[in-house]
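Chemist: So that we are looking at the same thing, I have put the structure below in structure tokens.
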Amino acid sequence: MDKFVINGGKPLEGEIEISGAKNEALPLTVASILTDDVSIISNISDLADLRSMISLLEVLGVKSEIKGNVLRIDPSGCDGYEAPYDLVRKMRASVYVLGALLGRLGRAKVSFPGGCVIGTRPIDLHLMGLEKLGARIKIEHGYIIADADKLVGTEIFLSGIHGPSVGATVNVMLAAVKAEGVTVIKEASCEPQITELADFLNSMGAKIEGAGTPVLIIHGVKELHGAKHEVIPDRIEAATYMIAGVITRGNLLIKNCIVKHLEAVIEKLREIGAEITYEDDGVRVKAKDPLKPVNIRTAPFPGFPTDVQPQIMSLLATVPGISVITEGVYPDRFIHVSELNRMGADIKVDNAVAVVKGVEKLSGAPVMASELRGGAGLVLAGLSAINQTVVSRVYHIDRGYESMEKKLANVGADIKRVSE
Ligand code: EPZ
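If you're matching positions, the sequence shown starts at 157 in this note's numbering and goes up one per residue.
Encoded structure:
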């Protein structure tokens, strides 16, 4: 198991190039099995989660090849319908094969994804949406077993107690594109990856309107064909490095990012006191003390992303004064707090609310990543802390950040990957 050894306290200066979005590449890869033709997905990142998804599709009979950052998918041999526990448990996005296999083969047997450290993460909305389209679903021995003689379009409300679901929207879209008639998804997720998925499916021959709004209208088609698509830059990676610039009181140019996907984060960083300017080839982030505490509530897009909550918490831990962070999407996503407190942070959690009392300086310590974004938050804390921080279990970080330590070292961080 690898760890990161970080000697903190150095302001980061230079340019960081953002890679392709993980949470878009995953559903696109699965969507490509809705035809027998080859599809080409470019600007993919080298990420453990994408490799896990490709391994899962291989078990179903899909052939894939990666050259550089281009993924070629040949689904013509995809006749398997069982997604086994060993592969699904590695990554919840594996559950997307449920909708895609129903769309392709009319049946699927997919291991039930369990809970995880960011919360219980149910899939009731996925199953409800697929049942409304006509799938028969039963849960047996830890597997979701689904089949349908035919899928028929209908009206589906997809919002749960914490708002719209990205995953349920993806699963229903994948099943509905080839269903008979029209499907209307109300309270659909508006996240950028849904818009990109709709664009990709439309370029495969689907007829989807309204992507990026809460109402998606899907006119079912009989056949889809192969397509090409370029993955957009990863907004969560961009936000993470913007915060790296602020937490080290540095000066970074974040290249290759889409500003309109980052507005909620930019707004909060400006409120904290960072100077953020737009340049031809990116967003420049500069910060120096004193910075101000803020209150944040995470929410589905276009709100402040839950996937940036741990990173901004690390920053606020270094901003004197009281900041309050309310987790509006995953009320239990605070596993990183105890590790931050080991570094001298002063954070108290009560249900979905974290009260962060900023300190002058964090102090380096051995800490453990327990999930992807929490791990990224600990790396940021280590970059700002006095002395050495060792972040263990960086395999969590490798799931969603391509070469994090190299990108940070290129802008002046003292960070090394060490194999234990
Ligand atoms: C996606 O997860 C992302 N994953 C997550 O990113 C992200 O944190 C999350 O959306 C929220 O933005 C991918 O895109 C692969 P949801 P997903 O269904 O789709 C509840 C990362 O770090 N809910 O939108 O699983 C759920 O419990 C990852 O990159 C139900 O109640 O999230 C949560 O409270 C981690 N029933 C809320 O909805 C359901 O059937 C939103 O979850 C499904 C979800």
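Cβ coordinates follow ideal geometry from the N, Cα and C atoms, glycine included.
Treat the numbers as computed from the prediction; the structure is a model and nothing was measured.
For residue 397 versus residue 330, is the C-beta distance shorter than 8 Å?
Modeler: Here residue 397 refers to the residue found at position 241 of the sequence shown. Here residue 330 refers to the residue found at position 174 of the sequence shown. Cβ atoms of residue 397 and residue 330: not closer than 8 Å.
Chemist: Hey, is residue 280 close to ligand 1, as in C-beta under 7 Å from one of its heavy atoms?
Modeler: As a first step, residue 280 must be located in the sequence shown, where it is residue number 124. The answer is yes for residue 280.
Chemist: Between the alpha carbons of residue 205 and residue 244, how many angstroms are there, rounded?
Modeler: Working through the sequence shown from its first residue, we reach residue 205 at position 49. Working through the sequence shown from its first residue, we reach residue 244 at position 88. If I take the Cα positions, the gap works out to 11 Å.
Chemist: Skipping 5 residues on each side, what residues in its chain have a beta carbon closer than 6 Å to that of residue 230?
Modeler: For this step, residue 230 is matched to residue 74 along the sequence shown. The answer, listed in chain order, is 194, 219.
Chemist: Per DSSP, residue 434 is paired with what?
Modeler: Within the sequence shown, numbered from 1, the residue matching residue 434 stands at position 278. The partner list for residue 434 (beta bridge, DSSP) reads 439.
Chemist: What distance in whole Å lies between the Cβ atoms of residue 293 and residue 307, which are believed to be in contact at a cut-off of 8 Å?
Modeler: Residue numbering aside, residue 307 sits at position 151 when the sequence shown is read from its first letter. Residue numbering aside, residue 293 sits at position 137 when the sequence shown is read from its first letter. Actually they are not in contact, since the Cβ atoms of residue 307 and residue 293 sit about 12 Å apart, beyond 8 Å.
Chemist: Which residue marks the beginning of the beta strand (DSSP E) containing residue 522, and which one marks its end?
Modeler: Reading the sequence shown from its first residue, position 366 is the one you call residue 522. Start and end: 522 to 524.
Chemist: Mind reading off the beta-carbon distance from residue 565 to residue 164? Whole number of angstroms is fine, and I expect it under 8 Å.
Modeler: Residue mapping note: residue 565 aligns to position 409 of the sequence shown, counting from 1. Residue mapping note: residue 164 aligns to position 8 of the sequence shown, counting from 1. Not really, about 13 Å apart at Cβ, beyond 8 Å.
Chemist: Leaving out the 5 sequence neighbours to the left and right, which residues in its chain are closer than 7 Å to residue 285 when beta-carbon positions are compared?
Modeler: Working through the sequence shown from its first residue, we reach residue 285 at position 129. Same-chain partners within the cutoff: 312, 314, 324, 327, 328.
Chemist: DSSP has residue 299 in a bridge; who is on the other side?
Modeler: Position 143 of the sequence shown, counting from 1, holds the residue named residue 299. Its beta-bridge partners are 267, 296.
Chemist: Is residue 349 a contact residue of ligand 1, with contact defined as CB to any heavy atom under 7 Å?
Modeler: In the sequence shown, residue 349 corresponds to position 193, counting from 1. Checking every heavy atom of ligand 1 against the Cβ of residue 349, one is found closer than 7 Å.
Chemist: Any chance you could list the beta strand (DSSP E) runs of at least 3 consecutive residues sitting entirely within the region 312 to 367, in chain order?
Modeler: Listed in chain order, they are 338 to 342, 363 to 365.
Chemist: State yes or no: is the C-beta of residue 482 nearer than 7 Å to some heavy atom of ligand 1?
Modeler: Against the sequence shown, residue 482 aligns to sequence position 326. Not under cutoff, so the answer is no.
Chemist: According to DSSP, simplified to helix, strand and coil, what is residue 158?
Modeler: Position 2 of the sequence shown, counted from the start, is the residue given in the question as residue 158. It is a strand residue.
Chemist: Output the distance between the C-alpha atoms of residue 437 and residue 411, rounded to the nearest integer angstrom.
Modeler: Sequence index remark: in the sequence shown, residue 437 carries index 281 (1-based). Sequence index remark: in the sequence shown, residue 411 carries index 255 (1-based). C-alpha separation (whole angstroms): 6 Å.
Chemist: Could you check whether the Cβ of residue 250 sits closer than 7 Å to any heavy atom belonging to ligand 1?
Modeler: Residue 250 sits at position 94 when you count from the first residue of the sequence shown. For ligand 1, not one heavy atom lies less than 7 Å from the Cβ of residue 250.
Chemist: Examine ligand 1 and report whether any of its heavy atoms sits within less than 7 Å of the Cβ of residue 580.
Modeler: There is simply no residue 580 to check, as the chain begins at 157 and stops at 576 in what is shown.
Chemist: Who are the Cβ neighbours of residue 409 in its own chain at under 6 Å, not counting the five residues just before and after it?
Modeler: Locating residue 409 in the sequence shown gives position 253, counting from the first residue. Excluding sequence neighbours, residue 409 sits near 171, 438, 440.
Chemist: Thinking residue 499 and residue 545 are a contact (beta carbons under 8 Å), I'd like their distance in whole angstroms, please.
Modeler: By one-based count along the sequence shown, residue 499 stands at place 343. By one-based count along the sequence shown, residue 545 stands at place 389. The Cβ separation is near 7 Å, so the contact holds.
Chemist: Residues in the same chain with beta-carbon distance under 6 Å from residue 451, minus the five sequence neighbours each way, listed in chain order, please.
Modeler: In the sequence shown, residue 451 corresponds to position 295, counting from 1. The residues are 480.
Chemist: Any chance the CB of residue 461 is under 7 Å from a heavy atom of ligand 1?
Modeler: As a working mapping, residue 461 is identified with position 305 in the sequence shown. Indeed, a heavy atom of ligand 1 lies less than 7 Å from the Cβ.
Chemist: Any C-beta of chain B sitting closer than 8 Å to the C-beta of residue 304?
Modeler: Structure shown: chain B not included; a single protein chain is present.
Chemist: Can you tell me which residues form a DSSP beta bridge with residue 460?
Modeler: Residue mapping note: residue 460 aligns to position 304 of the sequence shown, counting from 1. 454.
Chemist: Taking DSSP as the reference, what is the three-state secondary structure of residue 552?
Modeler: As a first step, residue 552 must be located in the sequence shown, where it is residue number 396. Helix, per DSSP.
Chemist: Could you check if residue 274 belongs to the surroundings of ligand 1, using beta carbon to heavy atom distance under 7 Å?
Modeler: Your numbering for residue 274 matches position 118 in the sequence shown. Yes.
Chemist: Find out if the Cβ-Cβ distance for the pair residue 375, residue 361 is shorter than 8 Å.
Modeler: What you label residue 375 is simply residue 219 of the sequence shown in a count that begins at 1. What you label residue 361 is simply residue 205 of the sequence shown in a count that begins at 1. Taking 8 Å as the Cβ cut-off, residue 375 and residue 361 do not qualify as a contacting pair.
Chemist: Can the beta-carbon of residue 534 be found closer than 8 Å to that of residue 473?
Modeler: Translated into positions along the sequence shown, residue 534 becomes position 378. Translated into positions along the sequence shown, residue 473 becomes position 317. No; because the gap between Cβ atoms is not below 8 Å, this pair is not in contact.
Chemist: Answer with buried or exposed for residue 389, where buried requires no fewer than 16 other C-beta atoms within 10 angstroms of its C-beta.
Modeler: Position 233 of the sequence shown, counted from the start, is the residue given in the question as residue 389. When all chains shown are included, residue 389 counts as buried.
Chemist: Quick one: measure Cβ to Cβ for residue 225 and residue 255, integer angstroms, because I've assumed they're closer than 8 Å.
Modeler: For this step, residue 225 is matched to residue 69 along the sequence shown. For this step, residue 255 is matched to residue 99 along the sequence shown. Contact doesn't hold; Cβ gap of about 26 Å is too wide.
Chemist: Return the chain-ordered list of same chain residues with a C-beta closer than 6 Å to the C-beta of residue 429, the five sequence neighbours on each side being excluded.
Modeler: The residue given as residue 429 occupies position 273 in the sequence shown. The answer, listed in chain order, is 447, 448.
Chemist: Does the distance from the C-beta atom of residue 494 to that of residue 536 stay below 8 Å?
Modeler: Here residue 494 is taken as the residue at index 338 of the sequence shown, counted from 1. Here residue 536 is taken as the residue at index 380 of the sequence shown, counted from 1. It is not a contact, given that the beta carbons lie outside the stated cut-off.
Chemist: According to DSSP, is residue 502 part of a helix, a strand, or is it coil?
Modeler: Against the sequence shown, residue 502 aligns to sequence position 346. Residue 502: strand per DSSP, three-state reduction.
Chemist: Distance check for residue 341 and residue 368, CA to CA, integer angstroms please.
Modeler: The residue given as residue 368 occupies position 212 in the sequence shown. The residue given as residue 341 occupies position 185 in the sequence shown. Distance between the alpha carbons of residue 368 and residue 341: 12 Å.
Chemist: If you follow the alpha helix (DSSP H) that residue 482 is in, where does it begin and where does it stop?
Modeler: Residue numbering aside, residue 482 sits at position 326 when the sequence shown is read from its first letter. Per DSSP, residue 482 belongs to no alpha helix (DSSP H); it is in the beta strand (DSSP E), 477 to 482.
Chemist: Let me know the secondary structure DSSP gives residue 424 once reduced to three states.
Modeler: Here residue 424 refers to the residue found at position 268 of the sequence shown. Three-state result, residue 424: helix.
Chemist: Taking 7 Å as the cut-off, does the CB of residue 342 come closer than this to any heavy atom belonging to ligand 1?
Modeler: Along the sequence shown, read from residue 1 onward, the residue named residue 342 stands at position 186. Residue 342: no, Cβ never under 7 Å from ligand 1.
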